[in-house]
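Colleague:
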Amino acid sequence: MNNSLLWGCIADDFTGASDVASFFVEGGLKTLLFNGLPSSVPASDCQAVVIALKTRTQETGSAIKDSLSAARWLKMQGAKQLYMKYCSTFDSTPKGNIGPILDALLEEYQLPYTILCPALPVNGRQVIQGRLYVNGIPLDQSPMGQHPLTPMWDSRISVLMEAQSKYPTIHIDRSLYSLPVHQTADKIRTFGAEHPRFYVIPDYEKEEDAAAIADRFGHLPLLSGGSGLVAELARRQSFRETEPSQPALILAGSCSDMTRRQIVCAQSHHIPSLKIVPQKLLEGSQTQEELWHFIQAHQGQEVLVYSSDSPENVHAVQKSGKERMAQLLEQTMAQLARQAVAAGYTRIIVAGGETSGAVTKALGFDSYIIGESVAPGVPVMIPHNRPNIRLVLKSGNFGQEDFFLRALALTKG
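So for the sequence shown, numbering that gives the first Met the number 0 puts the first residue at 0; every next one is plus one.
#1: In three-state terms, what does DSSP make of C264?
#2: Where does A463 land, buried or exposed, given buried means 16+ other C-beta within 10 angstroms?
#3: Can you find the residues in the same chain that come closer than 7 Å, C-beta to C-beta, to M257, ignoring five residues on each side of it along the sequence?
#4: When you compare each of E289, P99 and S174 to K415 by their alpha carbons, which one comes out closest?
#5: Report the option in T189, P167 and E207 whose CA atom is closest to the CA atom of S177.
#6: With 16 other CB atoms within 10 Å as the buried threshold, where does D185 fall?
#7: Mind checking who I136 pairs with in its DSSP beta bridge?
#8: Quick check on V349: buried or exposed, where buried means 16 or more other Cβ atoms within 10 Å of its Cβ?
#9: Are the CB atoms of A357 and A325 nearer to each other than 7 Å?
#10: Could you please give the first and the last residue of the uninterrupted beta strand (DSSP E) stretch that includes A47?
#11: Skipping 5 residues on each side, what residues in its chain have a beta carbon closer than 7 Å to that of D308?
#12: Check the C-beta distance from A210 over to A47 and give it rounded, since I have them as a contact under 8 Å.
#13: First and last residue of the beta strand (DSSP E) that includes I169?
#14: Report yes if the CB atom of L409 is closer than 7 Å to the CB atom of V373, and no otherwise.
#15: DSSP three-state call for P277: helix, strand or coil?
#16: My output table needs one value for P142: the three-state DSSP class, helix, strand or coil.
#17: Where does L290 sit, in a helix, a strand or coil, going by DSSP?
#18: Among D401, V391 and E400, which residue has its Cα nearest to the Cα of K411?
#19: Hey, out of D102, Q80, D44 and F402, whose CA is closest to C264's CA?
#20: Which one or two residues does DSSP pair with T113 in a beta bridge?
#21: Given that a residue counts as buried once 16 or more other Cβ atoms are within 10 Å of its Cβ, and exposed if not, what is P117?
#22: Are the beta-carbon atoms of G225 and L119 separated by less than 7 Å?
#23: My understanding is that L101 touches S223, with C-beta atoms under 8 Å, so please give their C-beta distance in whole angstroms.
#24: Let me confirm a value: T189 is counted as buried when at least 16 other C-beta atoms fall within 10 Å, else exposed. Which label applies?
#25: DSSP puts Y82 in a beta bridge; with which residues?
#26: How would you label Q261, buried or exposed, when you count the other beta carbons within 10 angstroms and need 16 or more for buried?
#27: CA-CA distance, A169 and Q338?
#28: May I ask which residues mark the beginning and end of the alpha helix (DSSP H) holding T183?
#29: Classify G77 as helix, strand or coil using the three-state DSSP reduction.
#30: Mind checking which residues open and close the beta strand (DSSP E) that includes I270?
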């Protein structure tokens with residue numbers, strides 16, 4: 000058992016796991032990240048362990064089973080508190096998994112309640128009057144309302160949970176934060192007298208609200224939400240590992256507007272780049288060997304290979320088969336990453352959640368020490384068994400326009 004393990008965290012996907020892990024590190028905790036249920040015991044001196052599952056869109060029964068298995072494993076390792084991490088935009092349909100998983104965790108540990116705290120104000124995600132906003136727009140009216148996998152049909156967290164969970168919710172207004180902590184406790188105690196199990200939705204409009212929320216709920220055995228609250232929780236309870244690392248490969252599979260701007264920025268700084276043309280790749284007129292030859296031709300330099308394109312061009316390409324094309328691009332990127340590491344590249348920077356998943360799977364790493372963050376929610380990750388490697392994996396919309404330049408600078412060691 001690890002007596003120093005303060006937090007055990009279960010995340011609903013890999014980029015969400017690296018996101019929350021980066022905030023544990025920001026709060027000063029040595030953090031280890033596992034991709035999937037661990038097969039080994041974490042380092043004895045870790046203070047936070049994050050397990051990345053695939054429960055965001057997994058079949059509900061399997062999502063509950065995997066989450067409970069992860070929670071039990073973390074508790075066996077000595078985790079003093081549990082944190083269930085989900086997306087800061089909640090990302091859940093009426094049949095979503097957040098409610099069922101939390102219901103199961105409350106029942107497993109016989110707990111009366113936990114909080115629902117998806118906000119991440121630094122990235123424009125806020126909870127105001129119990130309603131989730133993205134960059135000032137109610138969630139269901141934002142682009143997330145049309146998400147292809149988890150379309151958002153309401154921005155009221157209570158309504159979203161009502162469709163998923165067996166248990167009711169209570170909202171904690173931000174005005175209570177200026178009053179003594181016991182007044183919040185009194186309100187919750189009164190509600191709990193009529194409801195044996197329930198959820199608390201605290202407002203989280205500004206970054207400084209994290210302290211007020213932690214004051215009131217930081218002691219709970221189980222908390223849930225996005226990554227916004229985690230740094231504050233971690234601070235209340237430094238590790239750096241730097242080794243020289245040189246060759247770098249950037250792989251961009253995301254077609255988000257921000258990733259495309261980041262590519263342009265990198266190109267403006269004369270980073271050699273090559274675009275993957277999906278149709279040519281499918282036809283065989285552009286090959287993986289050709290892509291690898293381009294990387295080798297610039298050995299010793301930082302190189303960018305990307306498939307990112309405008310929405311119009313992406314839709315045109317998808318006429319050849321959306322899933323088929325996505326799989327081809329992910330496999331190509333993953334194989335390039337594997338070849339690069341085998342050839343001595345120690346810095347791999349990836350843009351895009353699906354591309355990141357394919358790359359980590361191809362490289363075979365399943366646990367990571369979490370380093371400094373390139374941008375909020377995007378840490379440098381060091382494979383536990385390959386301390387000379389630096390990975391940076393980001394969701395498409397994360398980071399500033401000069402993100403790739405920052406990642407290259409920060410991973411040099």
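Yeah, the Cβ is synthetic: ideal placement off N, Cα and C, and Gly gets one too.
Modeller: Looking at the atomic coordinates:
#1: In the structure shown, C264 sits in a helix (DSSP, three-state: H, G or I).
#2: Since the first and last residues shown for the chain are 0 and 412, residue 463 lies out of range.
#3: Here the set comprises G395, N396 and G398.
#4: Lying outside 0 to 412, the shown extent of the chain, residue 415 is not represented and no answer is given.
#5: Nearest to S177 by alpha-carbon distance, out of T189, P167 and E207, is E207.
#6: The residue in question, D185, is exposed, as its Cβ has fewer than 16 Cβ neighbours within 10 Å.
#7: According to DSSP, which records beta bridges pairwise, I136 is partnered with V133.
#8: By the 10 Å Cβ count, V349 comes out buried.
#9: Using a Cβ distance threshold of 7 Å, A357 and A325 do not count as a contacting pair.
#10: For A47, the uninterrupted beta strand (DSSP E) run begins and ends at A47 to A51, by DSSP.
#11: For D308, where only same-chain residues beyond five positions count, the Cβ hits under 7 Å are C254.
#12: Between A210 and A47 a beta carbon distance of about 19 Å is seen, past the 8 Å cut, so the two are scored as non-contacting.
#13: Element bounds for I169: T168 to I171.
#14: In this structure, the beta-carbon distance from L409 to V373 falls below 7 Å.
#15: Here P277 sits in helix by DSSP.
#16: Here P142 sits in helix by DSSP.
#17: L290: helix per DSSP, three-state reduction.
#18: Of the candidates D401, V391 and E400, the one whose C-alpha sits nearest the C-alpha of K411 is V391.
#19: Comparing Cα-Cα distances from C264 to each of D102, Q80, D44 and F402, the minimum goes to F402.
#20: Its beta-bridge partners are Y198.
#21: Counting Cβ neighbours within 10 Å, P117 comes out buried, since at least 16 surround it.
#22: For the pair G225 and L119, the CB atoms are nearer than the 7 Å cut-off.
#23: Correct: roughly 6 Å between the Cβ atoms.
#24: It is exposed - the Cβ of T189 has fewer than 16 other Cβ atoms within 10 Å.
#25: Per DSSP, C8 and L222.
#26: Buried, because 16 or more other Cβ atoms sit within 10 Å of the Cβ of Q261.
#27: A small fix is needed here, since residue 169 is Ile in this sequence, not Ala. The alpha-carbon atoms of I169 and Q338 are separated by roughly 52 Å.
#28: That run of the alpha helix (DSSP H) goes V180 to G191.
#29: The answer is coil: DSSP assigns G77 none of H, G, I, E or B.
#30: Neither: I270 is in no beta strand (DSSP E) and is coded neither H nor E.
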